[in-house]
Structures are given as C-alpha cells and as structure tokens.
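Data block below; observations after.
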Ligand SMILES: Cc1ncc(C[n+]2csc(CCOP(=O)(O)OP(=O)(O)O)c2C)c(N)n1
Ligand SMILES: [Mg+2]
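Residue numbers (my numbering), protein chains in the order written: chain A, 581 to 904; chain B, -3 to 333.
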C-alpha cells in the first residue's frame, strides 16, 4: 500500500460514487422512471476503480452492458451520463443509446456495449495508436466471465499478443453469465490461464480488494506503456444484484447473497484497510460519502427534469452532418 | 381450443416436435441457467424471455442443451448437426446477434445443399427475437429479416400471432432447409386461440385476414397488429382494405398478393425493416413487374426511417409506422388520380 493519501481518497471516491449511483438507479428503476433494463455494477466497484485509477484521459476503455461503473471510474461526466440512462436530449449519446451504450469519448470511454465480447477487439483497435502513431497510451477491455467465451475475445487477445499492443484484458469474473454459472459455461475453468496461452502474463485476484486490482493494473499498465504488450487480469467479485434489475435470481441462494455482502464488500474492505493502517481518517471518507450522495441525487433530479430528445432528431447522427 | 400466448404457442410447438421426433433438440444460451451446475436443483431458466421454459424439465440436458455465450459455435454446431442428420432448433437470443455468427448461417448452412450437390439436407431452425417497441435500444431491437430473405438457401418466417407461431414453427422444424424463425419480442405476451394438438401452417402460404376492394395492405410481423387497429378508421373513411399477412417471407406467397392487387389496384406494404432494400420494396417491385396494368396508384412501402432503433422511448415510438401514417398513406393511395 504505497499510495498517497490523495490517491487513496480518489480510489474511495470512485468506488463509492459507483455504489451510491447504482443504489440510486436501483431505486429509480423500482419507481419505474428508468426507460430500459439496467445491469448494476454493485459488488464489482473495486475492479473498474482499481484499473481506471492507473489510466489517464488519453488512455481508453471499452466497456460492457454492465457499464455504469466503468463510466464513473473513468470519470465520465456524471450528469450527462445520468441523462443518457434516462434517454434525455442532453445525455452523452443524446438519448439514442441509453444505459447499455453510454460513451464519453472525451475521457477515453469508448462505450458500453450490448453485444457481449464485442468490446475486446475495439479496445485492441484503440491500442493501435501506440503502434501507428507512437502514442503513449494503454487501452483496457472489461470482459465478463460469460463474454470470455466469445470468439471475438480470443481473436482480440491473439491479435494484441501478436502485435504486442498495450492492452489490458480485464476479466470480471462475477460468477454468472445471466443465469448460467461460470462452473458450467467456462471450459477448463481458468479464464486467466486461457489468456496465458496467448503468450501474455496474467493475474488472478480478488476483485473486491481494490489494492489487489490496482497493483496488478499498475504493473500491466507499465508493461504496456513500455511496449511489452498485453496482459490479462482476472478479478473475482460476485455481483450483488440480479443480472438485470427485476431478475428474480432463482439460480442462487439467499445464503450466497448474504455472504457476498458480508464478506466481499469492496467498500468495507477498503475502509477497514486504510483506517486500520492509519492512512486516512474516517471523517475524510464520511465527507466523501456525503458529497457523493448529493452529487448523485442532484444528477438524477436534473436528468429527470431535462427534456427528451426532439422527435426531429430521430434520423440525425446516422452519418456525419451534411454528408448524406 | 384454448387461449394461449405467443410464447406458450412456441414452447408447445417445440415440445410436440421433440416428442414426435427424437432427432429434434434445442440448443442455446441460458436455456437451463443455474440448472447446468451440479449443486443447483431449482427450476431451469428457460432463457431470459422464458421461450424455452419447461423444456429442460421435460427432456433433460441431453436434448435441451445450454451453451456458453458463443454464437458462432452454437450456429455452426447446429448447422453441422443438421447436415449430419439431427434436427436442431438453435436459439439466437436476439436477432441482432446474427452479427456475431453470420458466417455459419450465410456461408455455411444456407449453401450446403447447393454447394454439395444436394447430397444432404440441413433441417435447421434458428429461432430468434426481432423487433422494436419495448425500449431495448440500438443493438437489441432490429428486424433483419430482409437481410435473411436476401440469402438463397434460407427460409424466413415472421409469425404475427400465437396460432401461426405454433403452426409455422412445427412446419419449420419439419422442413428440410434452414429456417430463420423470427419471433417478435413485442408479441410474446399476445393471447390467441391455439389448438392443443399438433398442426402445420405451411411455409410460403399467406393469409387474407380481411377481404376488401380498395387497397391491398401487406403487413409483416408486428405490423399486422398495427394495421388491424386501423381497420375501423379506414372503413369510416370509406376505404375497404384487404389485409394480407404473408406469414413467411421466403418462400413468399406472391400469387396471393398479385391476386389481391388485381382486385384492388392499390398496394401498401408495412414493414419493420430498414427502408433501403427492405423486404417491402421487393414486394412492390414484384408487383410492379407482374401486375403493373392492374395498378391504379403507385405502390407504397411504410418502414421506419433509415436509422438505427433509438433508445429514447419517444424516439422509438416515432420510429415505427403508426396508425396515423398508415391511414394517411391509404387515403393518398385511394385518392390518387
Ligand atoms: C453476442 C451476445 N450474446 C448474448 C447476449 C445476451 N447477454 C447479455 S449479457 C449476457 C451475460 C453476460 O455475462 P458476463 O459476460 O459474465 O457479464 P455479466 O453480465 O456477468 O457482467 C448475455 C448472455 C448479448 N448481449 N450479446
Ligand atoms: Mg459474469
């Protein structure tokens, strides 16, 4: 734990922001105000935060259907992201994408994605800027345990390895692909091990431990920036809620749900570690909690009160303005 | 007769065919869900839309095969199984995902019979969900049936109601060529009379839902229900519409449409696919070629605009052809001089 106090506070802020945001979205969904299905990131906060804290705005990430946490950890615009989830005109994607397609290119967030596994080659493509233009950048793909079975993911890993591209393949093993357990769907059961088969170093770690993720990310990022190619980081952390909101979760037990909340809460674990080590005062963290709650509440209120897109906008953004 | 939903009709068709023929099996994602793992003995998931509910419990894992998220492998394995004598029903959860696995459908399954000199059949059914209207956004709401119908070797079916869903699926399973069976997600909960016993609705045979003299309206999939909501209004305006549900696009019942247009002299097609090279434009082009002299007005196709399906609910509502547009298009055709 060599991190500065500022970085620790930054880490906590990213994780807590995701937590508060997603709990708020959950309430909003229950109230019926969210216009589409949402997939919550709670339980996995340390993964997005531990990776993205090692990235800067020039670095890119390619995200998934469970993308709110990735957006927030990459410092996407909170208000415009919230507006997008509510499909508003001023949302990041002008209301045309919604929860599963939020993108904020200004901070290197190349989009959530509703096609499982499609983001992996896209992240590889962004990394080509290192090879073609000599740019200093790293590109990360977040890939679910389920998505790890897609051909696109294997092809992307091989390409990144062959071309020695600065890519982090971040496997988020949350135990399930929709309602299907990883024990069933993953041949060999070793996602990181498959990546090793493509010739890249891999890590397997506890995805509810921010420090485990961040340390691996720091190493992998450094390797990538040096030009030594891709790495794979497999993080275990079960999601706390259903595949999407409204999923009755018949496929797992109450005991499992209770145990994750009790033993694998990334925020609790982080707080305990930094407070016990005397690195951060609990008052500092409480202040962050309070501030985030008001930021998120305000963003949601603002989003709900902002206008839907104009119907005339239906056919815009298909091509470059004026070109078609 | 019993009242069943579109979803129940689809499940019943699969159960009946699996009982009738042991070569029929189902393969796809999340069909059994947690049921695939050793330590879980709850109910099988039946897919996120419940379209395979009950199958696992009835037939077990041998013939109800849950897969990883690997559409290329699923479609390719189904194509290979069909070529090797089995009769797979492969589920492609959302039709949008054909982008992931199209080679196996387009270059493989569709062409086996032709390329291999008719040595064998490819009795494959790909059941897949199409359509906009329920807020699924740009990558989960498309209706790519015109793309499928463009491909020689594929048959394409678009049931608009529970009765047809069951009969068409049974015919598709018994068919000896690859069939893309397009289930509309907005219709899954639709009720209708569905006999308990097995029956076929033949591929390539349309249905006249209402006879009329002024205008022939061909409606595909979800559009059938939309046009049925227009009938009263059209009658009030003195327009007698003949409404045709083609039920399958490939093969297509062109004779039924020609006969109708010869009677009415006017043709309106309602199609949920993208407008450029839409199936609707193919229908109007065939009609112009074959029964041109019967036409009293130009043919007309109503589709969504040339853009992806938007997430915002108000944009999505504006995306689909609606009752007002259909009525005004019909009036324009009727009043054309
Ligand atoms: C190509 C494709 N196939 C299937 C789906 C349907 N689907 C959406 S999410 C999902 C499960 C993804 O599981 P995982 O990658 O583990 O991510 P998690 O939901 O656990 O975050 C599936 C099957 C899809 N969106 N895209
Ligand atoms: Mg998962």
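Even for Gly, the Cβ is constructed at its ideal location relative to N, Cα and C. All values derive from a computational prediction rather than experimental measurement.
Query	Result
Coarse secondary structure for residue 809 of chain A, derived from DSSP in three states	coil
For residue 649 of chain A and residue 21 of chain B, the rounded distance between their alpha carbons	39 Å
Cβ neighbour criterion (16 or more within 10 Å) applied to residue 668 of chain A	buried
Contact set for residue 2 of chain B: own chain, Cβ-Cβ below 6 Å, skip 5 residues either direction	158, 161, 183, 184, 186
CB of residue 698 of chain A within 9 Å of CB of residue 719 of chain A, strictly	no
Under 6 Å, CB to nearest heavy atom of ligand 2: contacting residues	A:724, A:725, A:726, A:754, A:756, A:757
CA nearest to the CA of residue 43 of chain B, picked from B:8, B:17, B:87, B:10	B:87
Exposed unless 16 or more other CB atoms sit within 10 angstroms - verdict on residue 823 of chain A	buried
Contact test: residue 89 of chain B Cβ vs ligand 1 heavy atom, cutoff 8 Å	yes
Three-state secondary structure (DSSP) of residue -3 of chain B	coil
Sufficient close CB pairs (3 or more, under 8 Å) joining the region 661 to 676 of chain A to the region 620 to 630 of chain A	no
Cα-Cα separation between residue 755 of chain A and residue 49 of chain B, rounded to whole angstroms	23 Å
Cross-chain neighbours of residue 58 of chain B in chain A, by beta carbon under 8 Å	Going along chain A, no residue has its Cβ under 8 Å from residue 58 of chain B, so there is no contact; the nearest lies around 15 Å.
Boundaries (first-last residue) of the beta strand (DSSP E) holding residue 719 of chain A	719 to 724
Closer than 8 Å at the beta carbon, the chain A residues around residue 65 of chain B	696, 697, 726, 727, 729, 730, 757, 765
C-beta neighbour in chain B for residue 676 of chain A, strict 9 Å	yes
contact_flag[the region 847 to 857 of chain A, the region 584 to 598 of chain A] where n(CB pairs < 8 Å) is 3 or more	yes
Sequence-distant residues of the same chain with beta carbon closer than 7 Å to residue 601 of chain A, five excluded per side	648, 652, 876
Proximity test, residue 44 of chain B beta-carbon vs ligand 3 heavy atom, cut-off 8 Å	Summarising the ligand content, the structure contains ligand 1 and ligand 2 and does not contain ligand 3.
Reduced DSSP category for residue 830 of chain A - H, G, I as helix; E, B as strand; rest coil	coil
Best match in B:173, B:102, B:74, B:311 for proximity to residue 59 of chain B [C-alpha to C-alpha]	B:74
CB contact flag (residue 237 of chain B, residue 230 of chain B, <9 Å)	yes
Cross-chain neighbours of residue 616 of chain A in chain B, by beta carbon under 8 Å	131, 132, 133, 307
Short CB-CB distance (under 9 Å) between residue 819 of chain A and chain B	no
Through-space distance from residue 586 of chain A to residue 175 of chain B, alpha-carbon basis	60 Å
Interface residues of the region 288 to 317 of chain B facing chain A [CB-CB below 8 Å]	301, 302, 303, 304, 306, 307, 308, 309, 310, 311, 314, 315
Short Cβ contact (9 Å threshold) for residue 81 of chain B with residue 100 of chain B	no
Same chain, Cβ closer than 6 Å to residue 122 of chain B, five either side skipped, listed in chain order	86, 88, 176
Alpha-carbon spacing of residue 819 of chain A relative to residue 620 of chain A, whole angstroms	8 Å
Contact set between the region 66 to 77 of chain B and chain A, restricted to residues whose Cβ is under 7 Å from the partner	66, 68
Contact with chain B by residue 888 of chain A, beta-carbon distance below 9 Å	yes
Any 3 or more C-beta pairs closer than 8 Å across the region 800 to 820 of chain A and the region 733 to 753 of chain A	yes
Beta carbon proximity, residue 644 of chain A to chain B, threshold 9 Å	no
Residue span of the beta strand (DSSP E) that contains residue 753 of chain A, given as start and end	747 to 753
Residue 644 of chain A beta carbon near ligand 1 (any heavy atom closer than 8 Å)	yes
Inter-residue spacing [alpha-carbon to alpha-carbon] between residue 17 of chain B and residue 171 of chain B	13 Å
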